């Protein structure tokens with residue numbers, strides 16, 4: 367073993383992120399030591415500066431045999447709990463390979479991909495790439511995964527409890543509640559291993575394949591649940607499209623629906639539910655903090671309504 371004398375430096379951007387909850391700062395405080403311990407325990411050598419996402423740090427490393435890899439340590443939260451399980455089931459078929467995991471420490475050793483993602487690829491082409499990868503990832507869900515039906519049942523009831531004065535079109539709320547309750551009762555809502563967050567930044571260029579998916583937030587769910595993040599991300603491009611928001615959004619949706627072989631109507635209905643839930647969570651966060659929406663939150667709420675209208679008008 368090669369002891370690591372000094373804990374790796376954390377990215378400034380990670381330290382500047384807002385709190386995710388009461389366990390966030392204690393996790394950050396313990397993260398340098400956790401990384402150092404993992405490097406020593408797994409006999410890894412740092413191989414570059416750490417990067418980060420919204421709730422994880424990723425450190426480039428070399429394994430004892432010199433293989434490039436990535437050490438990922440995640441802030442403990444429900445969405446990430448089953449990431450290693452999903453990666454294990456995929457065995458690198460369309461996703462980065464899982465080399466080692468320590469669920470107790472929320473630590474993964476992953477195949478190293480490149481920093482380049484799909485953000486600079488034409489959005490419609492990128493949607494086709496993501497759809498093609500997801501088609502390979504969809505398979506029977508392992509029994510440990512949480513069912514999407516239970517999640518959507520809870521979301522529908524929280525949406526139904528929104529006051530009519532909420533800054534969200536009541537027609538959208540009512541529609542999402544009805545669709546959510548119908549999905550919760552539909553056996554087809556569960557049973558498939560779904561990524562749930564496959565957007566442009568979660569697909570990286572790699573050596574083994576041109577593109578590989580990273581960072582699943584897996585559920586036992588419905589493949590039709592998958593397209594929505596591709597619609598609300600890279601929103602500036604949608605707004606700037608000379609064809610207009612409706613056409614730009616629908617081109618993206620059509621591309622991923624075609625690549626996955628989905629029922630367009632069912633995919634559209636899930637977009638409605640997911641965007642209503644995005645708006646719900648913004649409103650709940652603001653209410654819990656005892657404040658109105660921030661400018662950024664207001665912008666996100668506007669996007670949610672715009673996407674919903676675009677897929678239906």
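Residue numbers (this note's numbering): 367 to 679.
Glycine is no exception: its CB is placed at the ideal position from the N, C-alpha and C atoms.
For clarity, every value in this text was computed on a predicted model and none was experimentally measured.
Assign residue i to one of three DSSP states: helix, strand, or coil.
{"i": "residue 451", "result": "helix"}
{"i": "residue 500", "result": "helix"}
{"i": "residue 396", "result": "helix"}
{"i": "residue 429", "result": "coil"}
{"i": "residue 676", "result": "helix"}
{"i": "residue 384", "result": "coil"}
{"i": "residue 495", "result": "helix"}
{"i": "residue 439", "result": "strand"}
{"i": "residue 659", "result": "coil"}
{"i": "residue 389", "result": "coil"}
{"i": "residue 613", "result": "helix"}
{"i": "residue 589", "result": "helix"}
{"i": "residue 420", "result": "coil"}
{"i": "residue 506", "result": "strand"}
{"i": "residue 513", "result": "strand"}
{"i": "residue 608", "result": "coil"}
{"i": "residue 630", "result": "helix"}
Are the beta-carbon atoms of residue i and residue j separated by less than 8 Å?
{"i": "residue 482", "j": "residue 571", "result": "yes"}
{"i": "residue 562", "j": "residue 525", "result": "no"}
{"i": "residue 521", "j": "residue 646", "result": "yes"}
{"i": "residue 463", "j": "residue 484", "result": "no"}
{"i": "residue 588", "j": "residue 560", "result": "yes"}
{"i": "residue 410", "j": "residue 534", "result": "no"}
{"i": "residue 596", "j": "residue 496", "result": "yes"}
{"i": "residue 427", "j": "residue 413", "result": "yes"}
{"i": "residue 479", "j": "residue 380", "result": "no"}
{"i": "residue 393", "j": "residue 442", "result": "yes"}
{"i": "residue 506", "j": "residue 557", "result": "yes"}
{"i": "residue 404", "j": "residue 437", "result": "yes"}
{"i": "residue 461", "j": "residue 503", "result": "yes"}
{"i": "residue 633", "j": "residue 566", "result": "no"}
{"i": "residue 528", "j": "residue 628", "result": "no"}
{"i": "residue 652", "j": "residue 658", "result": "yes"}
Give me the Cα-Cα distance between residue i and residue j, rounded to the nearest whole angstrom.
{"i": "residue 459", "j": "residue 375", "result": "33 Å"}
{"i": "residue 642", "j": "residue 395", "result": "35 Å"}
{"i": "residue 538", "j": "residue 638", "result": "8 Å"}
{"i": "residue 605", "j": "residue 599", "result": "11 Å"}
{"i": "residue 656", "j": "residue 644", "result": "19 Å"}
{"i": "residue 370", "j": "residue 429", "result": "A caution first: residue 370 carries a pLDDT of 48, below 50, which makes its placement in the model too unreliable to give a value."}
{"i": "residue 546", "j": "residue 466", "result": "37 Å"}
{"i": "residue 501", "j": "residue 602", "result": "27 Å"}
{"i": "residue 385", "j": "residue 419", "result": "14 Å"}
{"i": "residue 636", "j": "residue 518", "result": "10 Å"}
{"i": "residue 555", "j": "residue 373", "result": "44 Å"}
{"i": "residue 544", "j": "residue 679", "result": "18 Å"}
{"i": "residue 435", "j": "residue 390", "result": "26 Å"}
{"i": "residue 540", "j": "residue 378", "result": "42 Å"}
{"i": "residue 457", "j": "residue 530", "result": "47 Å"}
{"i": "residue 574", "j": "residue 433", "result": "13 Å"}
Does the region 583-596 come into contact with the region 610-622, if we say contact requires no fewer than three beta-carbon pairs (one atom in each stretch) closer than 8 Å? Contact holds: three or more Cβ-Cβ distances are below 8 Å.
Touching or not, the region 393-407 and the region 455-473, by the rule of three or more beta carbon pairs under 8 Å? yes
Three CB pairs or more closer than 8 Å across the region 605-621 and the region 671-678: yes
What residue ranges within the region 519-583 form continuous beta strand (DSSP E) runs of no fewer than 3 residues, ordered along the chain? 558-560, 569-571 and 577-579
The region 499-513 / the region 442-454 touching (three or more Cβ pairs under 8 Å): yes
Ranges of the alpha helix (DSSP H) found wholly within the region 448-491, counting only runs of at least 4: Within the region 448-491, the complete alpha helix (DSSP H) segments of 4 residues or longer fall at 449-456, listed in chain order.
Would the region 542-556 count as touching the region 486-500 if we require 3 or more Cβ pairs under 8 Å? Contact between the region 542-556 and the region 486-500 is absent, because fewer than three Cβ pairs lie under 8 Å.
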